[in-house]
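Asker:
Number of protein chains: 2
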Amino acid sequence: MTLDERKKKVLQAIIRDYISTAEPVGSRTIAKKYELGVSPATIRNEMADLEELGYIEQPHTSAGRVPSDKGYRYYVDCLMKKQKLTEQEETIILGRYKTKVQDIGTVLRQTNSILSGITKYTSMVMGPQFTKSNLRYVQLVPFDSNKALVIVVTDSGLVQNKILDLPQSVTEVDLQKISQVMNAKLQGVSIDQIKLTLIKEIYYELSKHKHIFDAAMDLIQETLDLNHEEKVYLAGTLNILNQPEFRDLGRVRTLLSLLEQEKVLKEILSEGSSSETGISVTIGAENRVDGLKDCSTITATYQIDGRTVGSVGIIGPTRMDYEKAVCIVEFMTCHLSKIMKDFYGH
Amino acid sequence: MTLDERKKKVLQAIIRDYISTAEPVGSRTIAKKYELGVSPATIRNEMADLEELGYIEQPHTSAGRVPSDKGYRYYVDCLMKKQKLTEQEETIILGRYKTKVQDIGTVLRQTNSILSGITKYTSMVMGPQFTKSNLRYVQLVPFDSNKALVIVVTDSGLVQNKILDLPQSVTEVDLQKISQVMNAKLQGVSIDQIKLTLIKEIYYELSKHKHIFDAAMDLIQETLDLNHEEKVYLAGTLNILNQPEFRDLGRVRTLLSLLEQEKVLKEILSEGSSSETGISVTIGAENRVDGLKDCSTITATYQIDGRTVGSVGIIGPTRMDYEKAVCIVEFMTCHLSKIMKDFYGH
DNA sequence: TGTTAGCACTCTGCCATGTCGAGTGCTAAA
DNA sequence: TTTAGCACTCGACATGGCAGAGTGCTAACA
Chain A
14 MTLDERKKKV LQAIIRDYIS TAEPVGSRTI AKKYELGVSP ATIRNEMADL EELGYIEQPH
74 TSAGRVPSDK GYRYYVDCLM KKQKLTEQEE TIILGRYKTK VQDIGTVLRQ TNSILSGITK
134 YTSMVMGPQF TKSNLRYVQL VPFDSNKALV IVVTDSGLVQ NKILDLPQSV TEVDLQKISQ
194 VMNAKLQGVS IDQIKLTLIK EIYYELSKHK HIFDAAMDLI QETLDLNHEE KVYLAGTLNI
254 LNQPEFRDLG RVRTLLSLLE QEKVLKEILS EGSSSETGIS VTIGAENRVD GLKDCSTITA
314 TYQIDGRTVG SVGIIGPTRM DYEKAVCIVE FMTCHLSKIM KDFYGH
Chain B
14 MTLDERKKKV LQAIIRDYIS TAEPVGSRTI AKKYELGVSP ATIRNEMADL EELGYIEQPH
74 TSAGRVPSDK GYRYYVDCLM KKQKLTEQEE TIILGRYKTK VQDIGTVLRQ TNSILSGITK
134 YTSMVMGPQF TKSNLRYVQL VPFDSNKALV IVVTDSGLVQ NKILDLPQSV TEVDLQKISQ
194 VMNAKLQGVS IDQIKLTLIK EIYYELSKHK HIFDAAMDLI QETLDLNHEE KVYLAGTLNI
254 LNQPEFRDLG RVRTLLSLLE QEKVLKEILS EGSSSETGIS VTIGAENRVD GLKDCSTITA
314 TYQIDGRTVG SVGIIGPTRM DYEKAVCIVE FMTCHLSKIM KDFYGH
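Chains as they are written, first to last, in the working numbering: chain A, 14 to 359; chain B, 14 to 359.
1) Does the pairing of the region 64 to 82 of chain A with the region 290 to 299 of chain A give three or more beta-carbon distances under 8 Å?
2) Please report the Cβ distance between B:Ile233 and B:Leu171, rounded to the nearest whole angstrom; I am assuming they are in contact, meaning their Cβ atoms lie under 8 Å.
3) Is it buried or exposed, B:Lys111, if we count other Cβ atoms within 10 angstroms and call 16 or more buried?
4) According to DSSP, is A:Glu36 part of a helix, a strand, or is it coil?
5) From this set, A:Ser192, A:Thr124, A:Glu243, which residue's C-alpha is nearest A:Glu218's C-alpha?
6) Restricting to Cα atoms, I'd like to know which of A:Leu271, A:Lys354, A:Val89 is closest to A:Tyr315.
7) Hey, A:Leu179 and A:Ala197: beta-carbon distance below 7 Å or not?
8) So with CB distances below 9 Å, who are the chain A contacts of B:Ser146?
9) Using 8 Å as the threshold, is the region 88 to 96 of chain B in touch with the region 333 to 345 of chain B, meaning 3 or more CB pairs across them?
10) Grab the span of the alpha helix (DSSP H) containing A:Asp318 for me, first residue to last.
11) Comparing C-alpha positions only, which one of B:Ile253, B:Val202, B:Glu185, B:Leu148 sits nearest to B:Asp307?
12) How far does the beta strand (DSSP E) with B:Phe156 in it reach, from first residue to last?
13) In or out: A:Leu128 buried (at least 16 other Cβ within 10 Å) or exposed?
14) Which term fits B:Asp318, buried or exposed, when burial requires 16 or more other beta carbons within 10 angstroms of its beta carbon?
15) Could you list which residues in chain A have their beta carbon closer than 9 Å to that of B:Arg266, in chain order?
16) Taking only three categories from DSSP, how would you classify A:Ala248?
17) Look up A:Val325 in the DSSP assignment and say whether it is helix, strand or coil.
18) Can the beta-carbon of A:Val154 be found less than 7 Å from the beta-carbon of A:Met195?
19) Which two residues bound the contiguous alpha helix (DSSP H) that contains A:Met60?
20) Rounding to the nearest angstrom, what Cα-Cα distance links A:Val202 and A:Ser220 in this structure?
21) For A:Val165, report the span of its beta strand (DSSP E) as first-last.
22) Please tell me whether A:Ile328 and A:Thr135 are closer than 7 Å, where the distance is taken between their beta carbons.
23) Return the bridge partner residues of B:Ile330 from the DSSP annotation.
24) Where does the unbroken alpha helix (DSSP H) through A:Met353 begin, and where does it stop?
25) Nearest to B:Ile352 by alpha carbon, out of B:Met230, B:Asn125, B:Val120?
26) Taking just the CA atoms, how far does A:Gly77 sit from B:Gln173?
27) If you run the structure through DSSP and keep just helix, strand and coil, what is A:Pro257?
28) Can you list the alpha helix (DSSP H) stretches of 4 or more residues lying completely in the region 180 to 205 of chain A, in chain order?
29) For B:Ser182, which option in B:Val165, B:Ala229, B:Gly140, B:Lys213 has the closest C-alpha, if you only look at C-alpha atoms?
30) Counting pairs of Cβ atoms below 8 Å between the region 248 to 264 of chain A and the region 247 to 266 of chain B, do you hit three or more?
31) A:Phe143 to A:Glu243, Cα distance in whole Å?
32) List the residues that DSSP assigns as beta-bridge partners of A:Ile176.
33) Which of the three DSSP states, helix, strand or coil, is assigned to A:Glu284?
34) Apart from the five residues just before and just after B:Lys97, which ones in its own chain have a Cβ nearer than 6 Å to its Cβ?
35) With distances taken from CA atoms, which of B:Val114, B:Arg332, B:Glu48, B:Gln189 is nearest B:Ser33?
36) Taking only beta carbons into account, state which residues of the region 151 to 166 of chain B come closer than 9 Å to chain A, listed in chain order.
Shown next as structure tokens:
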């Protein structure tokens, strides 16, 4: 189903115009603004064809045309030219990062806020997955007479902590000992795998210290039973209020309450991870999440050591500036990968 | 400026009615719904008086009356009866808490979400202030060949961490030593005070270890230069979309973008901390934050060991159900104080 | 003196109506 | 195949009339 040159041009003109004005676009406008060298009447004929093929739609008789999801899809796949950010835009973005990388959460938050600020859409960033990281360090610290604080650090820089109840008999020295054994056995192992195999070895090691054995095993179990949820950062939710398609309060509510659910954000972001090119555009009804049927998302992943560890995405109306947005998302993920590389410096 | 009995009753009826219907209330409605034993005409006279005194207002001629800020203030101070939650409501609230307290952030988040869920307003919770807590434990952990992770734990259960660059010469053993010295000297001291006096002692202690002295001092400086911002949790922002006074998108945008700024939230919450009773109601234009002039806030503080460590608040339209809301906020802070007490168990 | 009934008046919200402009589809001519 | 012309459709907007809610005022009443 390939379109002839002129149809492509008309479709492109419609989409470009609609993206920038948010108004149904008529034959006259196209003839005037985009120099196709033909009269409105001719364009009307082309438009009738395009409508029949499903690339554009008419909100009602005697209104202009509006791109359909299929139209956007064609645009994204075939018509859109891949842009590059200008030198200037890149420096603006880079300038917004605070200088020093001190912790990974801050970097992700910054990235997120820059992304939503530049694109004017809503953006999300998902951090490295805790369970897929390797354990770097475990420490049990006495907290008060009958509680201990557990700190688990992964090599992707994530730190998790929680407080455990401590059996009476366990002393500070015992905690130290347990920490040591765990570190010795578990360092460098991925959090995922720890539960399965290695605990036996710890059993063996600790069996030399009979008096705390039972208590210790409970503690280790609890220690590793951490909150495995990876965090999703969200920014620029209010940007949707500036989109004319969200002048309706009901819609705003629906979308915002979707965005409050981390589950949904993860679902959106997981879309991209399957794609080979790393960047993925989902348009309107292609979205698996109900209630996002008139939104589009662009997602991409970032890497540490070539290993995909997280993703980044934006959400906007289907009338999104795909050309620009794709290019910004791409730049941000690249840069994020680069930061990670510098930070973990191999 | 004390009102006679009947005026009080009329004002109370107007406010009650307006709170529940959000419609300007007329003399007829009051005469019918609230049994004052007089005719609408009489009530009209009373209303004219009340309007002259500034307790109520008329949106336009031939509309009913609406309470003014002054009217609400009088209601809150004099007319409102202090309610108590029913047994049943209390069990519902308590039931929403997940059983085990594992970390302080989770407790605060839960409290927040319960509060906004029950009141149907937007709620905020501010955690213990990091700088006012006492240091419980510091640990420098090697992260990779030239970085270390610092973990600082306070006795209010806050954990902060960040990554530092490490000078070449410092070994794992050195880090351990530095941690030890810091723990020995700083445990139990409030974060506020650490910077001022105690660092000298550490200087002295570490001067025995000449070879790492300079590096160590830098590290300690950096360690203590943590992010001092206390976190404010926000929940139920979308609840405002259900309030008829926010049917207007512009207003929604103004309010939501205010709520995105942590600074503003802190300003709101700080209101209450000056009050003696612990609970504080701010109505409409009383609000210092511009853009909150047609909102009311109710804030209260919670304690650990009788020491005020954080606060809790809700934001709603001035047409807020003060009676109910005050009572819920009060209950929540009491309960929060109780949780804290159990948790830190003295 | 306080309370009430009655009445004229005002303002909003709603609906029906009419008009204007934008845009289309169709047809016939170039 | 392209274009000009024309009739038609639909939404946006302004207008006017009407109903309903509520008030303020006045005069009568207890």
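Positions of the beta carbon are idealized from the N, C-alpha and C atoms, including for glycine. Because the structure is a prediction, the values reported are computed rather than measured.
Answerer: According to the structure shown:
1) Yes, they touch.
2) Here the question's residue 233 of chain B lines up with position 220 in the second sequence. Here the question's residue 171 of chain B lines up with position 158 in the second sequence. Between B:Leu171 and B:Ile233 the Cβ distance is about 19 Å, and since that is not below 8 Å, they are no contact.
3) Taking the second sequence and counting its residues from 1, one reaches residue 111 of chain B at position 98. Exposed, by the Cβ-count rule.
4) Within the first sequence, numbered from 1, the residue matching residue 36 of chain A stands at position 23. In this structure, A:Glu36 counts as coil in the three-state DSSP scheme.
5) Here residue 218 of chain A corresponds to residue number 205 of the first sequence, with the count starting at 1. The residue from A:Ser192, A:Thr124, A:Glu243 with its alpha-carbon nearest to that of A:Glu218 is A:Ser192.
6) Looking up residue 315 of chain A in the first sequence gives position 302. Minimum Cα distance to A:Tyr315 is reached at A:Lys354.
7) Your numbering for residue 179 of chain A matches position 166 in the first sequence. Your numbering for residue 197 of chain A matches position 184 in the first sequence. Cβ atoms of A:Leu179 and A:Ala197: not closer than 7 Å.
8) By one-based count along the second sequence, residue 146 of chain B stands at place 133. Under the 9 Å cutoff, chain A gives no residues; its nearest Cβ is about 13 Å from B:Ser146.
9) A contact exists between the region 88 to 96 of chain B and the region 333 to 345 of chain B.
10) Position 305 of the first sequence, counting from 1, holds the residue named residue 318 of chain A. Looking at the DSSP string, A:Asp318 is not in any alpha helix (DSSP H), and its letter there is neither H nor E.
11) Against the second sequence, residue 307 of chain B aligns to sequence position 294. When B:Ile253, B:Val202, B:Glu185, B:Leu148 are compared, the shortest CA-CA separation from B:Asp307 is found for B:Ile253.
12) What you label residue 156 of chain B is simply residue 143 of the second sequence in a count that begins at 1. Counting along the chain, the beta strand (DSSP E) containing B:Phe156 begins and ends at 148 to 157.
13) Taking the first residue of the first sequence as 1, we reach residue 128 of chain A at position 115. Buried, since its Cβ has 16 or more Cβ neighbours within 10 Å.
14) If you number the second sequence from 1, residue 318 of chain B lands on position 305. Exposure of B:Asp318 is indicated by the presence of fewer than 16 other C-beta atoms within 10 angstroms of its C-beta.
15) The residue labelled residue 266 of chain B in the question sits at position 253 within the second sequence. Under the 9 Å cutoff, chain A gives Leu251, Leu254, Asn255.
16) In the first sequence, counting from the first residue as 1, residue 248 of chain A sits at position 235. Strand.
17) The residue given as residue 325 of chain A occupies position 312 in the first sequence. Look at A:Val325 here: in three-state DSSP terms it is strand.
18) Counting from one through the first sequence, the residue named residue 154 of chain A turns up at place 141. Counting from one through the first sequence, the residue named residue 195 of chain A turns up at place 182. The criterion of a C-beta distance shorter than 7 Å is not satisfied by A:Val154 and A:Met195.
19) Working through the first sequence from its first residue, we reach residue 60 of chain A at position 47. Going by DSSP, A:Met60 is part of the alpha helix (DSSP H) stretching over 53 to 65.
20) On the first sequence, position 189 is the one that residue 202 of chain A refers to. On the first sequence, position 207 is the one that residue 220 of chain A refers to. The alpha-carbon separation between A:Val202 and A:Ser220 amounts to approximately 22 Å.
21) Mapped onto the first sequence, residue 165 of chain A falls at position 152. Where A:Val165 is concerned, the enclosing beta strand (DSSP E) stretches over 160 to 167.
22) The sequence position of residue 328 of chain A within the first sequence is 315, counting from 1. The sequence position of residue 135 of chain A within the first sequence is 122, counting from 1. Yes, the pair counts as a contact, with Cβ atoms nearer than the cut-off.
23) Mapped onto the second sequence, residue 330 of chain B falls at position 317. Note on residue identity: the sequence assigns Pro, not Ile, to residue 330 of chain B. Partner(s): B:Cys308.
24) Locating residue 353 of chain A in the first sequence gives position 340, where the first residue counts as 1. Residue range 335 to 357 is occupied by the alpha helix (DSSP H) that includes A:Met353.
25) Counting from 1 along the second sequence, the entry for residue 352 of chain B is found at position 339. Comparing Cα-Cα distances from B:Ile352 to each of B:Met230, B:Asn125, B:Val120, the minimum goes to B:Val120.
26) Mapped onto the second sequence, residue 173 of chain B falls at position 160. Mapped onto the first sequence, residue 77 of chain A falls at position 64. When rounded, the distance between both Cα atoms is 57 Å.
27) On the first sequence, position 244 is the one that residue 257 of chain A refers to. Helix.
28) Those alpha helix (DSSP H) runs which fall completely within the region 180 to 205 of chain A and span 4+ residues are 185 to 199.
29) The sequence position of residue 182 of chain B within the second sequence is 169, counting from 1. Comparing Cα-Cα distances from B:Ser182 to each of B:Val165, B:Ala229, B:Gly140, B:Lys213, the minimum goes to B:Ala229.
30) Yes, they touch.
31) Against the first sequence, residue 143 of chain A aligns to sequence position 130. Against the first sequence, residue 243 of chain A aligns to sequence position 230. Each residue's Cα considered, the two are about 6 Å apart.
32) Stepping through the first sequence from its first residue, residue 176 of chain A is reached at position 163. Partner residues in the beta bridge of A:Ile176, as assigned by DSSP, are A:Leu162.
33) Walking along the first sequence from the start, residue 284 of chain A turns up at place 271. A:Glu284: helix per DSSP, three-state reduction.
34) Walking along the second sequence from the start, residue 97 of chain B turns up at place 84. Cβ neighbours of B:Lys97 beyond the five flanking positions: none.
35) Residue 33 of chain B sits at position 20 when you count from the first residue of the second sequence. That would be B:Arg332, whose Cα lies nearest to the Cα of B:Ser33.
36) For the region 151 to 166 of chain B, which is checked against every Cβ of chain A, the residues closer than 9 Å are Gln152, Val154, Pro155, Phe156, Asp157, Ser158, Asn159, Lys160, Leu162, Ile164, Val166.
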